[in-house]
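The next block holds one structure in the form of structure tokens; read it before the comments.
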Amino acid sequence: MFSLSFALFTQGLAVSLFKQVGLYTGLLEMFTETELKLAMTIALMMLFFFIISGLKVIANTLNELSLLFFSKDTEGELLRVVRSGSIIFFLGGLLSLISFSSIKGILIIFALTAIGYFVYFVYKTSKNLSPANLIGLIAFQIVSWSTLVVLLALVGMKLYNGVLGGLPL
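For the sequence shown, the numbering used here gives the first residue as 77, with consecutive numbering after it.
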């Protein structure tokens with residue numbers, strides 16, 4: 077659902093950009109407006125689906141690692157307990173469709189959904205963890221996600237500076 081929200085917003089930006097550079101009229105000669113918007117939405121939805129799926133794989137890995145490091149559960153019972161929390165992301169995705177025309181709204185809903193899932197994860201696992209292990213689990217998650225965000229920001233800035241450096245200005 078989040079991928080659809082992001083795709084609809086980005087499709088609106090792409091259409092306005094195509095109109096500004098004069099590409100939109102050329103595309104309308106090959107496709108109808110509905111076909112063009114539908115094709116763009118599907119392609120963008122797939123792109124955002126891949127990105128969000130990658131984040132989900134990272135999140136599952138971090139959750140399993142944090143439980144491996146800080147829990148005494150050897151049967152994987154805690155993982156089965158927190159699996160039902162995926163409904164939080166489904167509901168957040170449905171809610172994000174309301175504000176698909178605002179990137180701020182989509183990002184705020186996405187952030188609140190992720191925080192809500194984290195609170196749910198901590199709540200469900202806290203019953204089986206000591207206070208020290210619970211603090212370790214929370215710290216591990218915060219440090220891991222912070223490191224990932226900082227690294228992605230640094231790579232993004234490096235790419236941006238490389239592109240700007242390569243332009244003849």
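Each residue gets a CB set at the ideal place from its N, CA and C atoms; glycine is no exception.
When the Cα atoms are used, what is the spatial distance from residue i to residue j?
{"i": "T117", "j": "K180", "result": "19 Å"}
{"i": "I174", "j": "S79", "result": "13 Å"}
Is it right to say residue i is buried, meaning 16 or more other beta carbons lie within 10 angstroms of its own, or is it exposed?
{"i": "A208", "result": "exposed"}
{"i": "Y193", "result": "buried"}
{"i": "S177", "result": "exposed"}
Considering only C-alpha positions, which residue in the set the options is nearest to residue i?
{"i": "F186", "options": "K132, L103 and L99", "result": "K132"}
{"i": "S81", "options": "L114, F124, A90 and F94", "result": "F124"}
{"i": "E109", "options": "S129, I128 and G88", "result": "G88"}
{"i": "T137", "options": "F94, Q217 and M122", "result": "Q217"}
{"i": "N139", "options": "Y236, F166 and Y196", "result": "Y196"}
Per DSSP, what kind of secondary structure is residue i in: helix, strand or coil?
{"i": "F147", "result": "Note on residue identity: the sequence assigns Ser, not Phe, to residue 147. The answer is coil: DSSP assigns S147 none of H, G, I, E or B."}
{"i": "F216", "result": "helix"}
{"i": "T108", "result": "coil"}
{"i": "K180", "result": "helix"}
{"i": "P244", "result": "coil"}
{"i": "S206", "result": "coil"}
{"i": "M233", "result": "helix"}
{"i": "G152", "result": "coil"}
Continuous alpha helix (DSSP H) assignments of at least 4 residues falling wholly in the stretch 83-131: 99-106
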